[in-house]
Each structure stands twice: as structure tokens, then as C-alpha cells.
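In my numbering, the protein residues as written are 993 to 1097.
Note that the Cβ used here is the ideal one computed from N, Cα and C, for glycine as well.
Keep in mind the model is a prediction, meaning the values are calculated, not measured.
Working notes, structure below.
In C-alpha cells, the structure reads:
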């Protein structure tokens, strides 16, 4: 795993832990056509799929597909570098992906 991605995942895990979530790696399913969420955050009966996007991934078509697939399975949060939070929110609106929250690290 590249250093930049590892650092982003660690930062997101820390933020979620501060919110009271138990964070684990999302189970990888071989039959997905798109890459599954990176993390799964659980707090009681609440399960949130976490997609971590690096700066170069925020506008990528793959990001749109990943978020759409994750939303179809349940609550989804997208984690991006803080300066790109508004751009990610704009992309979600433009892509018609209502319901995903965006957090910045």
C-alpha cells in the first residue's frame, strides 16, 4: 500500500474512532465490478461504509462508481483531504449521489 493512502486511512480511522466508531477493514468481495469501500465503521447497530479518496481521485469516474455502489448497500461517508471537501460535495450533487456525507482530514 502506498504511503499516501496508508496515511489517509490512518487519519480517517482516527477521526472515526474519536466519534465512537469501531473501525475495521471493509470486507473485500471478489465479484464487485468496482473497488469496495476501504473501511467499515460500526457504532452499535449503525454501519457506515467509508471510502477514502486521495486528491487525484476526487474527480475520477471510478470515485463516482465506488460511491454509487456503496450507497446502494447503505450509509456511506467519503473522506477526502480537507481543502477538497467542498469539491467532493459539489461532485456528489452533480453526480446525483444524495445521501453520502463528506468528511475532511
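- Under the three-state reduction of DSSP, residue 1016 is assigned to strand.
- A straight line joining the alpha-carbon of residue 1070 with that of residue 1040 spans about 10 Å.
- Using a Cβ-Cβ distance cut-off of 8 Å, the segment 1047-1059 and the segment 1068-1084 are in contact, since at least three pairs of beta carbons, one from each stretch, lie closer than that value.
- Taking residue 998 as reference, the option from 1091, 1085, 1010, 1031 with the minimal CA-CA separation is 1031.
- For residue 1083, the three-state secondary structure derived from DSSP is helix.
- For residue 995, the three-state secondary structure derived from DSSP is helix.
- For the segment 1023-1084, the continuous beta strand (DSSP E) assignments of 3+ residues that do not extend past its boundaries occur at 1031-1035, 1038-1044, 1068-1072, in sequence order.
- CA-CA distance, residue 1035 to residue 1068, rounds to 14 Å.
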